[in-house]
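One structure is given below, encoded as structure tokens.
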RNA sequence: GGCCCGUUCGUCUAGGGGUUAGGACACAUGGUUUUCAUCCAUGAAACAGGGGUUCGAUUCCCCUACGGGCUACCA
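Numbering (the numbering used here), first residue to last: 168 to 672.
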């Protein structure tokens with residue numbers, strides 16, 4: 168009974184991986200690592216009509232970027248393959264179980280076409296019965312191996328009539344199972360319908376494939392989104408009918424990720440509308456060419472993305488909020504996952520990024536900066552820029568606000584010019600420039616004391632001249648310490664800019 | 001409509017039969033700063049409603065409301 172923990176992330180390749188999906192993968196990863204188990208990736212592509220080119224690769228690349236790669240599965244390998252359901256179907260891994268269910272009387276052949284059923288639903292709806300289901304009440308009047316004679320069923324099968332296999336849902340039976348997050352959940356089978364297990368195209372549906380695969384892959388815990396909660400009783404029944412109840416995995420249904428404003432599931436639309444990514448990586452839709460932004464490309468660190476995601480629906484119960492992946496592994500438990508949906512908060516996400524940015528060394532930030540700019544600057548210099556800019560940045564790009572570190576100002580901030588640049592200013596800046604020219608050691612502290620002495624002699628306040636000094640050197644009305652900027656820029660560059668400022672403003 | 005799940009500051013959440021209901025983000029105010037940012041301090045801000053049970057309920061139970069999910073030969 169002490170089985171090795173094995174969990175899986177089982178997305179279907181119908182498009183880019185949504186951040187909600189990443190969180191599901193993350194919780195699976197954390198749980199597996201915490202218990203020294205396996206985390207596998209299985210691709211659920213039983214719906215061939217929804218296949219999207221590149222989606223599978225996108226999923227793998229996303230998990231890779233996040234640093235939560237499975238240790239087994241599609242694109243990785245392992246002893247339980249194949250890890251893609253279409254390939255498992257080709258390897259004939261599902262049919263026998265569908266047959267087993269038919270033979271044991273827990274499933275049956277159904278010959279009704281999708282169109283016929285659609286019509287049936289339409290009719291029912293018009294008759295004010297919006298809840299038409301293929302179930303114990305209706306199955307008797309439909310075309311299936313329960314209502315039809317044995318001979319007719321055989322004849323239909325012999326001539327190759329298309330058919331599906333449906334579960335024969337029992338009447339009035341309570342199905343009870345324990346959810347690791349929600350506790351006991353009970354559903355009466357009268358509310359469940361005869362779900363299709365095997366489609367007429369020869370593919371199993373999710374419901375069958377999922378159970379067969381989880382069983383064969385020796386999955387111990389199914390950690391998935393809340394949207395699966397209603398079909399969990401069906402899955403429990405399937406385990407029972409297949410004779411696998413002994414090793415049935417434990418279930419944990421995660422709360423949904425909700426949109427920041429209003430209600431409902433977080434969707435791609437919300438990201439577009441409110442200006443934040445919903446996907447880990449940028450995605451280009453192969454059919455429309457439309458590009459959706461990704462956290463990576465938007466300048467988020469994977470650490471902050473993961474940290475933020477971990478806290479949407481889980482918390483450690485301590486005041487600590489900044490967690491490395493390893494710390495998350497250590498702290499994570501399903502018991503501390505909350506039951507209710509979590510609204511995504513773009514502001515908090517930004518805050519997380521700021522925290523991580525500030526925790527990085529100047530050198531590291533400098534090299535990240537190097538990728539963003541043109542021109543040949545030494546790493547040391549860029550580290551210096553980072554040192555001055557990091558306090559005011561949430562993203563690497565924010566540090567580019569200090570464009571004056573990479574070239575002379577091309578224009579001078581109009582508001583500051585209007586407010587601070589007085590007729591007597593050029594003369595004062597000129598004088599200040601002379602003082603600076605005579606400074607023995609070009610250091611921030613020396614420049615500052617030189618500056619203050621100058622002010623005292625002139626009987627001026629900081630506000631009268633410092634903003635103008637900043638203006639000439641950076642072209643801006645605000646920024647980090649001017650003396651530190653001047654030190655980094657160097658004596659010659661600073662003095663040149665002061666003169667140019669006097670000439671141009 | 002039916003079924004299932006949920007509901008603590010605007011948001012993420014802690015807590016739990018007796019608490020000044022705690023923290024974080026965001027917000028506001030003050031301090032530091034030439035400025036902006038940072039930082040520090042302070043503030044405003046919540047137990048959906050109604051019934052029980054109880055000496056006492058935000059906490060336990062029931063109902064209602066609200067929200068969400070599911071209700072396909074999609075996952």
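Glycine included, each C-beta is placed from N, C-alpha and C at the ideal position.
Every value quoted in this text rests on a predicted model; they were computed, and no experiment measured them.
Could you pull out every residue in the same chain whose Cβ sits closer than 6 Å to the Cβ of residue i, ignoring the five residues on either side in sequence?
i: residue 236; result: 230
i: residue 595; result: 632
i: residue 186; result: 445
i: residue 462; result: 444, 447, 472
i: residue 201; result: 496, 499
Please classify residue i as buried or exposed, where buried requires at least 16 neighbouring CB atoms within 10 angstroms.
i: residue 310; result: buried
i: residue 128; result: A query on residue 128 cannot be resolved here, the shown segment of the chain reaching from 168 to 672 and no further.
i: residue 541; result: exposed
i: residue 478; result: buried
i: residue 119; result: Nothing can be reported for residue 119, as the shown portion of the chain is limited to 168 through 672.
i: residue 290; result: exposed
i: residue 241; result: buried
i: residue 320; result: buried
i: residue 181; result: exposed
i: residue 500; result: exposed
i: residue 218; result: exposed
Would DSSP call residue i helix, strand or coil?
i: residue 371; result: strand
i: residue 627; result: coil
i: residue 610; result: coil
i: residue 382; result: helix
i: residue 274; result: strand
i: residue 423; result: coil
i: residue 244; result: strand
i: residue 450; result: strand
i: residue 461; result: strand
i: residue 311; result: strand
i: residue 445; result: coil
i: residue 206; result: strand
i: residue 301; result: coil
i: residue 489; result: coil
i: residue 283; result: helix
i: residue 403; result: helix
i: residue 390; result: strand
i: residue 395; result: helix
i: residue 359; result: coil
i: residue 409; result: coil
i: residue 418; result: strand
At which residues does the alpha helix (DSSP H) containing residue i begin and terminate?
i: residue 332; result: Unbroken run through residue 332 is the beta strand (DSSP E), 331-334; no alpha helix (DSSP H).
i: residue 188; result: 186-201
i: residue 551; result: 546-556
i: residue 326; result: Unbroken run through residue 326: none, as it is neither H nor E.
i: residue 536; result: 529-537
i: residue 363; result: First-last for residue 363: 363-365, but that is the beta strand (DSSP E), not the alpha helix (DSSP H).
i: residue 584; result: 581-587
i: residue 600; result: 592-604
i: residue 481; result: Counting along the chain, residue 481 falls outside any alpha helix (DSSP H), and DSSP gives it neither H nor E.
i: residue 665; result: 658-671
i: residue 231; result: 222-233
Between which two residues does the beta strand (DSSP E) harbouring residue i extend?
i: residue 353; result: 350-355
i: residue 344; result: 341-346
i: residue 504; result: Residue 504 -> no beta strand (DSSP E), and no H or E assigned at all.
i: residue 433; result: Careful: residue 433 lies outside any beta strand (DSSP E) and carries neither H nor E.
i: residue 173; result: 173-176
i: residue 250; result: Neither: residue 250 is in no beta strand (DSSP E) and is coded neither H nor E.
Report the CB separation of residue i from residue j in whole angstroms; it is logged as a contact under 8 Å.
i: residue 449; j: residue 420; result: Actually they are not in contact, since the Cβ atoms of residue 449 and residue 420 sit about 30 Å apart, beyond 8 Å.
i: residue 352; j: residue 346; result: 5 Å
i: residue 339; j: residue 357; result: 5 Å
i: residue 170; j: residue 387; result: 5 Å
i: residue 427; j: residue 511; result: 5 Å
i: residue 609; j: residue 654; result: 6 Å
i: residue 557; j: residue 532; result: 6 Å
i: residue 365; j: residue 265; result: 5 Å
Taking 8 Å as the limit between beta carbons, can you name the residues of its chain near residue i, skipping five residues before and five after?
i: residue 330; result: 276, 277, 278, 323, 324, 367
i: residue 628; result: 622
i: residue 574; result: 542
i: residue 577; result: 642
i: residue 271; result: 408
i: residue 233; result: 189, 192, 193, 447, 469, 472, 473
i: residue 612; result: 650
i: residue 372; result: 213, 362, 363, 364, 365, 366
For a test of your reading of the model: does the CB of residue i fall under 7 Å from any non-hydrogen atom of the ligand ZN? Yes or no.
i: residue 666; result: Because no ligand of any kind appears in the structure shown, any question about the ligand ZN cannot be addressed here.
Leaving aside the five residues before and after residue i along the sequence, list all residues of the same chain whose C-beta is less than 7 Å from its C-beta, in chain order.
i: residue 251; result: 210, 212, 241
i: residue 220; result: 453
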